[in-house]
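Numbering (UniProt numbering), first residue to last: 1 to 232.
We put the beta carbon where it would ideally sit given N, CA and C, even for glycine.
On a predicted model such as this, the values are computed, not experimentally measured, just so you know.
Everything on this sheet refers to the single structure shown next.
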């Protein structure tokens, strides 16, 4: 699991990263809200300090939640109960007071990821049907193990990258609109059309997938409409 740590206190972020790494997590760090908003799409879980040097953490949380359903655990230090409530209302899945114990944090991470469906339950779609595996030429997408292999080589992917690739590959030849991808992969539905930030989120993930698969041919852009799966 890829965890993004968003904290302006570099020492605290480094210490937290070491703790998580010892417990089997991969970590990335962002010292500002603006940096977090650039890279949050690669994370499976976001640990967000509400006290940031540039952007209020509540606003960062709201922006992330408006674009995707990635799990967020917020941290409040010396803030009132109202601030913690506002954190939850902004979209955080949980909110802890600082300082906190490592064991409590790890337990909260397990509880949140279990609740949002990361792990074994991720082998099911939002409708509860089991994800099927897809094989197309040298590419195999294992919907149960959530693994992608190209020419037999395992390709590391984030949760959202896998979900996006699986969604497209499960419908070869069918064009998926941006609105469809945002709704089915990120769980965000809007009656007001696609905003620029959501569109950039999709483009970022498509670009990352093309890079990892080594070809733009696997995901074909249909100008003004969306994307379809290709043949590498």
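Alpha-carbon spacing of residue i relative to residue j, whole angstroms
i	j	result
residue 108	residue 223	43 Å
residue 26	residue 98	22 Å
residue 156	residue 42	11 Å
residue 217	residue 53	41 Å
residue 221	residue 230	10 Å
residue 177	residue 162	18 Å
residue 15	residue 137	44 Å
residue 299	residue 21	Outside the shown range of the chain (1 to 232) lies residue 299, about which nothing can therefore be said.
residue 33	residue 60	6 Å
residue 30	residue 204	18 Å
residue 196	residue 3	25 Å
residue 114	residue 56	28 Å
residue 140	residue 148	6 Å
residue 18	residue 72	19 Å
residue 227	residue 24	34 Å
residue 160	residue 186	8 Å
residue 5	residue 64	14 Å
residue 58	residue 103	25 Å
residue 152	residue 232	15 Å
residue 12	residue 28	13 Å
residue 181	residue 206	11 Å
residue 130	residue 145	In this predicted model, residue 130 has a pLDDT of only 39, less than 50, meaning its place in the structure is not dependable enough to derive any value.
residue 62	residue 172	34 Å
residue 211	residue 110	30 Å
residue 158	residue 215	18 Å
Contact under 8 Å by Cβ, residue i with residue j
i	j	result
residue 179	residue 167	no
residue 170	residue 112	no
residue 209	residue 165	yes
residue 51	residue 77	yes
residue 100	residue 70	no
residue 75	residue 48	yes
residue 188	residue 67	yes
residue 213	residue 150	yes
Classification of residue i by the beta-carbon crowding that lies within 10 angstroms, buried from 16 upward
i	result
residue 174	exposed
residue 93	buried
residue 7	buried
residue 154	exposed
residue 85	exposed
residue 82	exposed
residue 198	buried
residue 10	exposed
residue 87	buried
residue 90	buried
residue 143	buried
residue 225	exposed
CB contact below 8 Å: residue i versus chain D
i	result
residue 50	Absent here is chain D; the protein component of the structure consists of one chain.
Notebook entry, point to check: Along the chain, which unbroken stretches of the beta strand (DSSP E) at least 3 residues long are found entirely within the stretch 17–96?
Noted result: Listed in chain order, the beta strand (DSSP E) elements of length 3 or more contained wholly in the stretch 17–96 are 26–30, 45–49, 71–76.
Next item on the list: At 4 residues or longer, and completely inside the stretch 123–173: list those alpha helix (DSSP H) runs for me, N to C.
Entry: Every unbroken stretch of the alpha helix (DSSP H) spanning 4 or more residues and falling wholly within the stretch 123–173 is given here in chain order: 159–169.
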